[in-house]
Every structure is written in structure tokens, then in C-alpha cells.
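Scroll down for the structure; my scribbles are underneath it.
Protein chains: 2
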Amino acid sequence: MKPTIKDVAKKANVSISTVSRVINQKGYVHEETKVLIDKTIKELGFVPNQLARSLTNRSSKIIAVIVPHIGPYFYGQLLESIEAQAQANGYKIMFFNVQDDPERELEYIKFFEQYNIEGIIIASNFQNANKLDEMKVPIITIDHILDETIPSITADSVKAGELAAQKLIKGGSKNLAVFRGPSFLMTTIERTLGFKKEIAKHNLYAEIFDFDLVNPDAKLIEQILRANPHIDGIFCYSDTLALVVQSTLQKIGRRVPEDVQIIGYDNTPFCEWVNPPISTISQPINLLGKQAFLNITRLIRGVELDTLHEVIDVEIIERKSTR
Amino acid sequence: MKPTIKDVAKKANVSISTVSRVINQKGYVHEETKVLIDKTIKELGFVPNQLARSLTNRSSKIIAVIVPHIGPYFYGQLLESIEAQAQANGYKIMFFNVQDDPERELEYIKFFEQYNIEGIIIASNFQNANKLDEMKVPIITIDHILDETIPSITADSVKAGELAAQKLIKGGSKNLAVFRGPSFLMTTIERTLGFKKEIAKHNLYAEIFDFDLVNPDAKLIEQILRANPHIDGIFCYSDTLALVVQSTLQKIGRRVPEDVQIIGYDNTPFCEWVNPPISTISQPINLLGKQAFLNITRLIRGVELDTLHEVIDVEIIERKSTR
Numbered sequence: 000m001k002p003t004i005k006d007v008a009k010k011a012n013v014s015i016s017t018v019s020r021v022i023n024q025k026g027y028v029h030e031e032t033k034v035l036i037d038k039t040i041k042e043l044g045f046v047p048n049q050l051a052r053s054l055t056n057r058s059s060k061i062i063a064v065i066v067p068h069i070g071p072y073f074y075g076q077l078l079e080s081i082e083a084q085a086q087a088n089g090y091k092i093m094f095f096n097v098q099d100d101p102e103r104e105l106e107y108i109k110f111f112e113q114y115n116i117e118g119i120i121i122a123s124n125f126q127n128a129n130k131l132d133e134m135k136v137p138i139i140t141i142d143h144i145l146d147e148t149i150p151s152i153t154a155d156s157v158k159a160g161e162l163a164a165q166k167l168i169k170g171g172s173k174n175l176a177v178f179r180g181p182s183f184l185m186t187t188i189e190r191t192l193g194f195k196k197e198i199a200k201h202n203l204y205a206e207i208f209d210f211d212l213v214n215p216d217a218k219l220i221e222q223i224l225r226a227n228p229h230i231d232g233i234f235c236y237s238d239t240l241a242l243v244v245q246s247t248l249q250k251i252g253r254r255v256p257e258d259v260q261i262i263g264y265d266n267t268p269f270c271e272w273v274n275p276p277i278s279t280i281s282q283p284i285n286l287l288g289k290q291a292f293l294n295i296t297r298l299i300r301g302v303e304l305d306t307l308h309e310v311i312d313v314e315i316i317e318r319k320s321t322r
Numbered sequence: 000m001k002p003t004i005k006d007v008a009k010k011a012n013v014s015i016s017t018v019s020r021v022i023n024q025k026g027y028v029h030e031e032t033k034v035l036i037d038k039t040i041k042e043l044g045f046v047p048n049q050l051a052r053s054l055t056n057r058s059s060k061i062i063a064v065i066v067p068h069i070g071p072y073f074y075g076q077l078l079e080s081i082e083a084q085a086q087a088n089g090y091k092i093m094f095f096n097v098q099d100d101p102e103r104e105l106e107y108i109k110f111f112e113q114y115n116i117e118g119i120i121i122a123s124n125f126q127n128a129n130k131l132d133e134m135k136v137p138i139i140t141i142d143h144i145l146d147e148t149i150p151s152i153t154a155d156s157v158k159a160g161e162l163a164a165q166k167l168i169k170g171g172s173k174n175l176a177v178f179r180g181p182s183f184l185m186t187t188i189e190r191t192l193g194f195k196k197e198i199a200k201h202n203l204y205a206e207i208f209d210f211d212l213v214n215p216d217a218k219l220i221e222q223i224l225r226a227n228p229h230i231d232g233i234f235c236y237s238d239t240l241a242l243v244v245q246s247t248l249q250k251i252g253r254r255v256p257e258d259v260q261i262i263g264y265d266n267t268p269f270c271e272w273v274n275p276p277i278s279t280i281s282q283p284i285n286l287l288g289k290q291a292f293l294n295i296t297r298l299i300r301g302v303e304l305d306t307l308h309e310v311i312d313v314e315i316i317e318r319k320s321t322r
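Protein chains in written order, with numbering that gives the first Met the number 0: chain L, 0 to 322; chain X, 0 to 322.
Structure follows, in C-alpha cells:
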């Protein structure tokens, strides 16, 4: 039998409510009594039930993190960085895959209320954004801005688009293409905006194609590359997509970077090891995660954030898929 | 103000304990009263506090999953498959990174008790295995066997080693090497066992080298490959390691598969897209995850498992890095 609060009270010869005050660090208890109770708790190996405590305190020490997937490199790294930061600060992380399903989102919202979740970090494109107004706990979004009033941390996707365009143009590409992800995502829109703005300065135009960034359709990519032999510079919105494009170009007899330059996105480790190594945009994923956690704990403590919408710098990693 | 159980009781003109019996589906309530209370709960938008319920029921509907990392493909896929299965069955997943830190493990064990976690799936090499005996909830391990008495689901790592050896020998390699992961892991031991058993049949011998499977030391790999030009067949215990090996061999002027055959592990998507595409061992990760979840819910319901230690089949995916 696990020892209960009653056992502690009995052994220390005090009331249950005195033990409770010590456990919850609320209300006055004489210092000597406190020491005695702490000692008794240790002797009996009593573990205070956190569920019961969080009912009183409204403090569950749990933060929810919502992601659209886990598989891709970006989300795996992000979860790892948030969890590391949480662990260092005595918080636990519950993660939820919404998989772009609005029904799941609603179910999770209910769950968050039921479990007194202290804060929510949203790294997915949350479709029930209006429901978040009703939540009583702090919310921060990563990689998306859901609402003017909800704090966010995003990478500078406009700059990412500009950097990619500059590099392709500098390498001499004239017939540009953008191989994008889902067009409704803010990151997609911003990257494209930056890219287009930059090439417009050089009177260039980009053809735009939409793909699944996680599981690109290799057949479709081959058909598009064969049908458009004029394309000589491609900005891909994931490294996986860039790798499939590079491999397909090589298969149909076109050289990278001599005939076609390629730039990927995310700086996934494999970029360094493929042939040629892939130039890519690097977002500081660890910083995004750590900063999101830091800000949510600030909000939980009632501290105002310096910036409501924080934008983190990106850089281009030049390898051999560009000239 | 959020409606409370008191508001429901007042509006339905019943006692709080009657409402409680309906919410918790415990004890007798007249059918008409039940319908009235359900209706009132809906009208008021009352959300029963799951924390309070789980105190009574000892049912938190939360399963903990412990992983050593999230970043690598294997764990990302595993978490995704477990979470999908949990979602379909009304469970939530809390995941924990132990990062091979025994202190963290102990901290988590305490947490699991505090939160009435219903079951624990361990996909890491848990170092405080002896402490698990004291846990009052079902535990299942994936990819490891911690103890005879703790149910497990593992892939057939011995067979994986045999398959890799057969393929390298069939392709004509005579001077074999094994580029392993941490030698204390059961998977490492079993893969090596199967590989050695198979090559012994052909009077062949394998040189063994240990590496970090997630972030392989590329310089060390280059030094080893340069110092051992006789090696003509390598079994790598991760696809990332296989990719670095392949890329390094090409860099120092050795052809894959003509001079050296390579086999990786995990069937990570990039294997298909690198040049040459990498032959690899495929574990059914989704099946591992789903089966682990299924078995833990069986144990929670008190159902006996058909097999205490379930072993899942593996296969070799033949691509162009082998002859």
C-alpha cells in the first residue's frame, strides 16, 4: 500500500490540513512542525498526488505542445529542444499531433481544460484559432501567427526567400522555379513573398509548383522537370524535396549545379552527405523551441513579453548544389 | 466563470453526488434523471474536471512514452504511430526524453505516480530497471528487453544481422566490417550476433567499429576507411551512418557498390534518393508502435497477453549500394 497523507499526519501526530499546508507551501506552519512533517514524508516515502495538488493550486506543471507531425526533422528537433528546456525548469511536456484535423483540435482543447494544462505551445496551423480566445491559459505559437493578440515566435521566412533568390541569381540562374509546400501556410506565403520581391529587382519571374514537403511525389516531380527543361534554378521548401529533385535531375541526365542550381530548407543533416551536398536555409530550431518555452513560462508567471511577435534570424548554408 | 458541478446540480434540481455518479458512470441513477443531467451538462457547457475524476477513478487516460531521443527517424515515426493509435482509443500520450540520464528516469518515475499515469511504454535503455518493479501500472518495452517479467515488443535483430551478412556475402564481399552503435544496447548485441553467426558459416570474419549512430564522426570514419582499404563490405547500424560511409568512400575514390558494398538500417526515406540508393534493413516501425499501444491497453484492462515477448519480423530492402 502506498502511504497516504493520513499516514503522514498520524505518524507526525498533526492534522491532515497541517500536512497539506506543508506540501502545498500555503498558510502558516510552525518551523519545527514543518521539519517534522518533511522528515515523516521522507521516512514513509510519501509521494504527494500531483493531481490533487493541481486541483487546489491550478498548477499542473504541464505544458502542451501541438505539432502537425513528428516525423520530419524540424518537429523532432523542436520537440527535443522544448522538452530539454522544460525538464531544466521542472515542467513536463505533453505533445499532441493534430494532423491538420480540426476535430482533433477541439478534442484537445477540452482535454487541456480538464487537466489544468498551464500553457500551450502551438507549432501547427491551428484551424480553430477563435476557440483559443476562451482558453484561460497562456498560448504561444511557433512558426505561425494565428492572431495579432497571440504571442508568436517565427523564423524570418521573408529573408529566407530573399537569401535563396540572391544565391540562385548570383550563380547565374535565369529561369527560376519555386517548389513549395501547402500554400495556406504562413511560412509558405512569406518565403514566396521574399523570393518574388528579390527576383523582381532583376526582372526575373518564378514558376510555382506545390508539393507535399514530407512525402514528395517523385513521379510528378520527374514529369514536371522533363516538361520544363528551361528551369535552371529551384528553391525547394524542404530538404527532402530538394533531395528528390536533385536525384531526379541526375536520373534524367541534368547536372547539379552546372545545369540546375538547387536550394533546400531546414539544414537536415543528410544535406551534408549527399552528392553534391545541398545548399539550404538554416533556421535556428533549438532557439525557436527554447525561446517559446521561456516565453510561455514568463506568461505563466504574469511577466509581460518584450516583443509580442518575435522574429528569429535565418541564414543560408552554401554547399555544392549551387554555383 | 466556468460552470461547476454545483451549477449543474442546482439547475437539474438534484444533489451534487447524483451528478457525480452520472459523470463517473458509477452507482445507480434513475434513467430519466440521467437524461436530465446529461441535458443540463450540455446546456451549461460544463466540462468535468478530469483531474478530479482521475483521483476517484485512478483513470487518467494518459500513457507515458519514454524515448532516448526524438530527432532520429526511428523515434519520430514510433511516437507518431503510438500517438495515432492512442488518439483513436481516447488516450493521450506524454512523452519523455531520458537522454540516457538515470537521474531523469527517477524523476519521471515519481511524476508517473503523481499523475496516475495508466501505463508506460519504454523505448529507451532504462537504467533504473529495478525501480520499475515498484510501479503499480503496466509497463511495456519497445526495442529493448529490460527484464524477463516486463512484456516487450522488439524487431528481430538477429535476423536483421543474418540478412545483412547473406546479402554482402552473396555480392562477393570477403573482408567484412560492422559499423555499430553503442555496444551495451540489446539491438546492437543481437544484430552483431546474427551477422557473426551467418559469416562464420562461410569462414569469414568481421572487424567491428563503434560509432554514434545519430551524429557519426565523419573524420574518424574517413581515417578508418583510409587505414583499412581491404574492407569491401560494411553493415552500418543506421542509415545516417551508411550515408556518411558511402559519401566518404566516394570522396576517397572508392566506388559503391563496385569496390565496397554498404547496408544501412531503418529504411529512412533519404536512402531511396541518394546516389547510389542505399540497401537497408527495414523494421516495421508503425507496427511496433501500434502493437505496443494495443498491448498496454490490454494490460490496463487486465487482459493477459498472448506472448510476453513479441518479436516482429524485419526485411532487407535491396537497392544499389549492394551488388
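Think of the CB as a built atom: it goes at the ideal place given N, C-alpha and C, for glycine as much as any other residue. Computed from a prediction, not measured in an experiment: that's the story for all the values here.
Glu30/L at chain X interface by Cβ criterion, 8 Å
Interface annotation, Glu30/L: not in contact with chain X, CB-CB separation never under 8 Å.
Cα-Cα separation between Ile120/L and Glu31/L, rounded to whole angstroms:
Whole-angstrom Cα-Cα distance: 42 Å.
Quick check on Leu192/L: does DSSP put it in helix, strand or coil?
Three-state result, Leu192/L: helix.
In the structure shown, what three-state DSSP assignment does Leu304/L receive?
Leu304/L: coil per DSSP, three-state reduction.
Kindly indicate which residue of Val13/L, Thr239/L, Ala128/L has the alpha-carbon position closest to the one of Tyr72/L.
Here the closest residue by C-alpha is Thr239/L.
Just to confirm my understanding: we take Ile141/X, look at its own chain, exclude 5 residues before and 5 after, and list those with CB closer than 8 Å. What are they?
The residues are Leu77, Ile120, Ile121, Ala122, Ser151, Ile152, Thr153, Leu287, Gly288, Ala291.
Taking the beta carbon of Leu105/X as the centre, do at least 16 other beta carbons fall within 10 Å, making it buried, or is it exposed?
Per the 10 Å Cβ criterion, exposed.
Please report whether the beta-carbon of Met93/L lies at a distance below 8 Å from any beta-carbon of chain X.
At a cut-off of 8 Å between C-beta atoms, Met93/L counts as an interface residue with respect to chain X.
Can you list, in chain order, the residues of its chain with a C-beta nearer than 7 Å to that of Val310/L? Leave out the 5 residues immediately preceding and following it.
Excluding sequence neighbours, Val310/L sits near Thr153, Asp155.
Classify Glu257/L: buried if its beta carbon has 16 or more other beta carbons within 10 angstroms, exposed otherwise.
Per the 10 Å Cβ criterion, exposed.
Can you tell me the Cα-Cα spacing of Ile315/L and Val244/L, whole angstroms?
Between the alpha carbons of Ile315/L and Val244/L lies a gap of roughly 19 Å.
Those runs of the alpha helix (DSSP H) which lie wholly inside the region 64 to 108 of chain X and span at least 4 residues
Complete alpha helix (DSSP H) runs here, min 4: 72 to 87.
Examine chain X for any beta-carbon lying closer than 8 Å to the beta-carbon of Leu43/L, and answer yes or no.
Contact of Leu43/L with chain X is not assigned, every C-beta pair being separated by 8 Å or more.
What three-state label does DSSP hand Phe178/X in the structure shown?
In the three-state DSSP reduction, Phe178/X falls in the strand class (E or B).
Per-residue contacts from Ser14/L into chain X (C-beta, under 8 Å)
Ordered by position in chain X, no residue passes the 8 Å Cβ test against Ser14/L, which lies about 21 Å from the chain.
Span of the alpha helix (DSSP H) around Glu42/L
Where Glu42/L is concerned, the enclosing alpha helix (DSSP H) stretches over 30 to 43.
For Pro101/L, which residues of its own chain have a beta-carbon under 7 Å away from its beta-carbon, when the five flanking residues on both sides are left out?
Excluding positions up to five away in sequence, the list reads Gln126, Asn127.
Taking Cβ positions only, does Arg103/X come closer than 8 Å to chain L?
Residue-level contact check: Arg103/X touches chain L, since one or more beta carbons of chain L fall below 8 Å from its beta carbon.
I want to verify the contact list: residues of chain X whose CB lies under 9 Å from the CB of Thr239/L, in sequence order.
Pro268, Phe269, Trp272, listed in chain order.
Nearest residue (CA-CA) to Tyr236/L, options Val136/L, Asp209/L, Lys25/L, Ser14/L:
Of the candidates Val136/L, Asp209/L, Lys25/L, Ser14/L, the one whose C-alpha sits nearest the C-alpha of Tyr236/L is Asp209/L.
Is Gly70/X close to chain L? Criterion is C-beta to C-beta, closer than 8 Å.
Under the 8 Å criterion on CB atoms, Gly70/X is classed as interfacial with respect to chain L.
Just to confirm the assignment, what range does the alpha helix (DSSP H) spanning Glu117/X have?
Under the DSSP assignment, Glu117/X falls outside any alpha helix (DSSP H); it carries neither an H nor an E label.
When we look at the beta-carbon of His143/X and count the other beta-carbons within 10 Å, is it buried (16 or more) or exposed?
Answer is buried; the Cβ neighbour count reaches 16.
Does the structure place the region 188 to 206 of chain X close enough to the region 246 to 256 of chain X that three or more beta carbon pairs sit under 8 Å?
No, they do not touch.
Run of the alpha helix (DSSP H) containing Gly160/X, from where it starts to where it stops
Start and end: 156 to 169.
Is Ile149/X buried or exposed, if buried means 16 or more other CB atoms sit within 10 Å of its CB?
Buried.
Helix, strand or coil for Gly288/X, going by three-state DSSP, please let me know.
Here Gly288/X sits in helix by DSSP.
Using a Cβ distance threshold of 8 Å, determine whether the region 26 to 43 of chain X contacts the region 59 to 73 of chain X, with at least three qualifying pairs required.
Output reads no: the region 59 to 73 of chain X does not touch the region 26 to 43 of chain X.
When the Cα atoms are used, what is the spatial distance from Val64/X to Phe95/X?
Answer to the nearest angstrom: the Cα atoms are 6 Å apart.
With a 10 Å radius around its C-beta and 16 neighbouring C-beta atoms as the bar for buried, classify Thr3/L as buried or exposed.
When all chains shown are included, Thr3/L counts as exposed.
Let's test the definition: count the other Cβ atoms within 10 Å of the Cβ of Gly180/L and tell me whether it reaches 16, buried, or not, exposed.
Classification of Gly180/L: buried, given that the 10 Å Cβ count is 16 or more.
Can you look up Phe210/L in the DSSP assignment and give me helix, strand or coil?
Correct three-state label for Phe210/L: coil.
Between which two residues does the alpha helix (DSSP H) containing Gln222/L stretch?
Counting along the chain, the unbroken alpha helix (DSSP H) around Gln222/L starts and ends at 217 to 226.
Assuming Ala241/L and Ile220/L make a contact with CB atoms under 8 Å, what is their CB distance in whole Å?
Rounded, the Cβ-Cβ distance is 11 Å, inconsistent with contact.
Decide if Arg300/X is buried, meaning its Cβ has at least 16 other Cβ atoms within 10 Å, or exposed.
With fewer than 16 Cβ atoms within 10 Å of its Cβ, Arg300/X is classed as exposed.
Quick one: which residues of the region 237 to 265 of chain X get their C-beta closer than 7 Å to a C-beta of chain L? List them in chain order.
For the region 237 to 265 of chain X, which is checked against every Cβ of chain L, the residues closer than 7 Å are Thr239, Leu242, Val243, Ser246, Gln249.
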